[in-house]
Amino acid sequence: MTTLADRYVAATLRSVPAPRREEIATELRASIQDMIEGRTDGGEETAAAEREVLTELGDPAQLAARYADRRLQLIGPRYYLAWERLLKLLLSFIPAMVGLVVGLVAATDGKSVGAAVGAGFASAFEVAVQIAFWVTLVFAVLERTNTPLHLPDWSVDQLPEAPVERQITLTDTAAAIGFLALFIAYLPLQHFRSFVPADGAGNLPVLDPALWSFWLPFLIAVLVASVGLEFAKYRAGRFTWPLVAVNAVLNLAFAVPVVWLMSADRLLNPDLVARFEWLREGHNLKTVTTVVVVTTILVVLWDTVDSVIKARRAAR
Numbered sequence: 033m034t035t036l037a038d039r040y041v042a043a044t045l046r047s048v049p050a051p052r053r054e055e056i057a058t059e060l061r062a063s064i065q066d067m068i069e070g071r072t073d074g075g076e077e078t079a080a081a082e083r084e085v086l087t088e089l090g091d092p093a094q095l096a097a098r099y100a101d102r103r104l105q106l107i108g109p110r111y112y113l114a115w116e117r118l119l120k121l122l123l124s125f126i127p128a129m130v131g132l133v134v135g136l137v138a139a140t141d142g143k144s145v146g147a148a149v150g151a152g153f154a155s156a157f158e159v160a161v162q163i164a165f166w167v168t169l170v171f172a173v174l175e176r177t178n179t180p181l182h183l184p185d186w187s188v189d190q191l192p193e194a195p196v197e198r199q200i201t202l203t204d205t206a207a208a209i210g211f212l213a214l215f216i217a218y219l220p221l222q223h224f225r226s227f228v229p230a231d232g233a234g235n236l237p238v239l240d241p242a243l244w245s246f247w248l249p250f251l252i253a254v255l256v257a258s259v260g261l262e263f264a265k266y267r268a269g270r271f272t273w274p275l276v277a278v279n280a281v282l283n284l285a286f287a288v289p290v291v292w293l294m295s296a297d298r299l300l301n302p303d304l305v306a307r308f309e310w311l312r313e314g315h316n317l318k319t320v321t322t323v324v325v326v327t328t329i330l331v332v333l334w335d336t337v338d339s340v341i342k343a344r345r346a347a348r
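Every number in this note's numbering is 32 more than the matching position in the sequence shown, counting from 1.
Listed below in structure tokens is the structure:
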């Protein structure tokens, strides 16, 4: 056998278990010889036939993996879908939650808004990398050890409904949830970090601190429920009359307290009003109150009417 074939056999044997090397070497040499003879019998030169045979056999490392029954993949098809679904699920909420918590903690510790946002993004990215690494490592080990996952078998009952045009897209849902999350985060954040410095150390809260006894926690609960409604709307894919009703109730639950508190001069922090002389002059405070009340009513009416119109369209 020529040197070129010997080199190919040697390269293949490097990656196979030692106890099987002699057996595989004998089998591989015989296969190469038979393939070469098959070509030379047809009139091809031995050197050219040998080169073409070895090229046809391919990379020795891949051939060795086939002999050793070794997978040349980190995660194979048996585990890939489970790995992908779990990874997407964990990455969909854990990094965002950790980033939000870290950002809020950094903000309450006196860091600037930019530093708090940076800390939140950095923590979210680090958590995402850690999740991806450890989940992938676990599934790679399962792949190598052939550990069964004991997942339920697939059935036709798991088939999704035929795709239909969605009224509520993922982009709309993400934007709405992002806005609500920022609003929820702002309510406690403004108590510690606002744009108005106090006479001494710290900052003046924009909203009356006395509202923390009931109204601010109530409004936060309404906003959290609104986040849940956004998930329900996206899952339904369209507006339904029950969703319209819940949306209207949540709009009223938010708007009525805001309008009443603002009209009664109980929403804004009295110290904040006292700090700005222009608010105390003439009807300026009343003008601000009117703007807030009218804006709140218009936004609630628009959102409620819009949901009714979309529900009627979906019902046709």
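All C-beta atoms, glycine included, are put in the ideal place defined by N, C-alpha and C. Keep in mind it's a predicted model, so treat the numbers as computed, not measured.
Check	Outcome
Cβ shell of Trp115 (< 8 angstroms), same chain only, five flanking positions each side left out	Ile107, Val167, Thr168, Phe171
Identity of the residues DSSP links to Leu300 by a beta bridge	Leu239
Short Cβ contact (8 angstroms threshold) for Phe224 with Thr140	yes
Leu212 to Thr205 span [Cα, whole Å]	11 angstroms
When Thr78, Pro127, Lys143, Gly269 are compared against Arg345, the one with the closest alpha-carbon	Gly269
The region 277 to 292 contacting the region 244 to 258, beta-carbon criterion three pairs below 8 angstroms	yes
Ile375 vs Leu122 beta-carbon contact at 8 angstroms	The displayed coordinates of the chain run from 33 to 348. Any statement about residue 375 would go beyond what the structure contains.
Sufficient close CB pairs (3 or more, under 8 angstroms) joining the region 257 to 265 to the region 310 to 327	no
Nearest-angstrom Cβ-Cβ length linking Gly152 and Gly131, presumed shorter than 8 angstroms	4 angstroms
Alpha carbon of Ala79 to alpha carbon of Glu69, nearest angstrom	11 angstroms
Contained alpha helix (DSSP H) runs [length at least 4] in the region 238 to 318, N- to C-terminal order	247 to 268, 273 to 295, 302 to 307, 309 to 312
CA-to-CA distance, Glu158 to Arg307, given in whole angstroms	42 angstroms
Backbone CA spacing between Ala148 and Ala128 [nearest angstrom]	14 angstroms
Enclosing alpha helix (DSSP H) for Ala97 [first to last residue]	92 to 100
Per-residue burial, Gly314 [other beta carbons within 10 Å of its own, 16 or more giving buried]	exposed
For Ser144, three-class secondary structure by DSSP	coil
Local Cβ density within 10 Å of Asp240, reported as buried at 16 or more and exposed below that	buried
Separation of Val161 from Ala43, as counted between CA atoms	37 angstroms
Where Arg83 falls: helix, strand or coil (DSSP)	helix
Coarse secondary structure for Trp186, derived from DSSP in three states	coil
Cutoff 6 angstroms; reference Met294; Cβ partners in own chain excluding five residues on either side	Thr321, Val324, Val325
Inter-residue Cα distance where the pair is Arg110 and Ile56	28 angstroms
Simplified DSSP assignment, three categories, for Gln105	coil
Distance, Leu202 Cα to Pro180 Cα	34 angstroms
Cutoff 7 angstroms; reference Glu82; Cβ partners in own chain excluding five residues on either side	Thr34, Leu36, Ala37, Ile68
Start-to-end residues for the alpha helix (DSSP H) that takes in Ala349	Lying before the first or after the last residue shown, residue 349 is absent from the chain, which here runs from 33 to 348.
Residue from Arg103, Val133, Asp91 with nearest C-alpha to Arg176	Arg103
Close Cβ partners of Leu221 (< 8 angstroms) along its chain, the five nearest in sequence each way excluded	Leu136, Ala139, Thr140
Between the CA atoms of Ile126 and Val48 - distance to the nearest angstrom	42 angstroms
Through-space distance from Asp338 to Ala277, alpha-carbon basis	12 angstroms
Contacts around Leu368, its chain only, beta-carbon distance under 8 angstroms, and the 5 residues preceding and following it disregarded	Residue 368 lies beyond the residue range present for the chain, which begins at 33 and ends at 348; the question has no answer from this structure.
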